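S.K.:
Residue numbers (the working numbering): 256 to 377.
#1: Compute the distance between the beta-carbons of residue 319 and residue 360, then report whether it is under 8 angstroms.
#2: Using a threshold of 8 angstroms, state whether the C-beta atoms of residue 367 and residue 353 are closer than that.
#3: Do you know whose CA, among 305, 376, 323, lies nearest residue 345's CA?
#4: Alpha carbon to alpha carbon, how far is residue 313 from residue 369?
#5: Straight-line CA distance for residue 375 to residue 341?
#6: Who are residue 312's beta bridge partners in DSSP?
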């Protein structure tokens with residue numbers, strides 16, 4: 256999974272694997288915000304709900320949205336659908352569908368393979 260600044264500047268971050276020095280990715284935290292300084296950039300962005308992703312690179316079928324990592328599928332996503340990244344566990348991403356293949360799926364949460372997500376921060 257890749258994370259890009261919304262302006263799509265040249266800095267890209269793969270969650271868990273930084274393409275740049277980690278010092279370049281350290282968020283500036285206002286001391287009045289009482290934020291634990293040991294939190295990673297990923298944890299802070301996820302807790303703020305600021306990471307969005309587009310489904311990409313699906314060649315056939317759909318990206319399965321699952322009840323559990325590797326578990327039973329509950330829905331499917333197409334290339335170009337948008338999700339909000341809520342959590343990560345290894346290769347698995349816990350997401351909420353923002354703009355799915357149908358309006359009925361918007362708001363549904365579940366686990367997807369993060370290899371098929373291109374993400375950005377807002």
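Backbone N, C-alpha and C fix where the C-beta goes; we use that ideal spot for every residue, glycine too. Bear in mind the structure is a predicted one, so any value in this text is a computation, not a measurement.
M.R.: Quick look at the numbers:
#1: Taking 8 angstroms as the Cβ cut-off, residue 319 and residue 360 do not qualify as a contacting pair.
#2: Remark: C-beta atoms of residue 367 and residue 353 do not approach each other more closely than 8 angstroms.
#3: Of the candidates 305, 376, 323, the one whose C-alpha sits nearest the C-alpha of residue 345 is 323.
#4: As the crow flies, the alpha-carbon of residue 313 is around 12 angstroms from that of residue 369.
#5: Cα-Cα distance, rounded: 13 angstroms.
#6: Residue 312 is not bridged to any residue.
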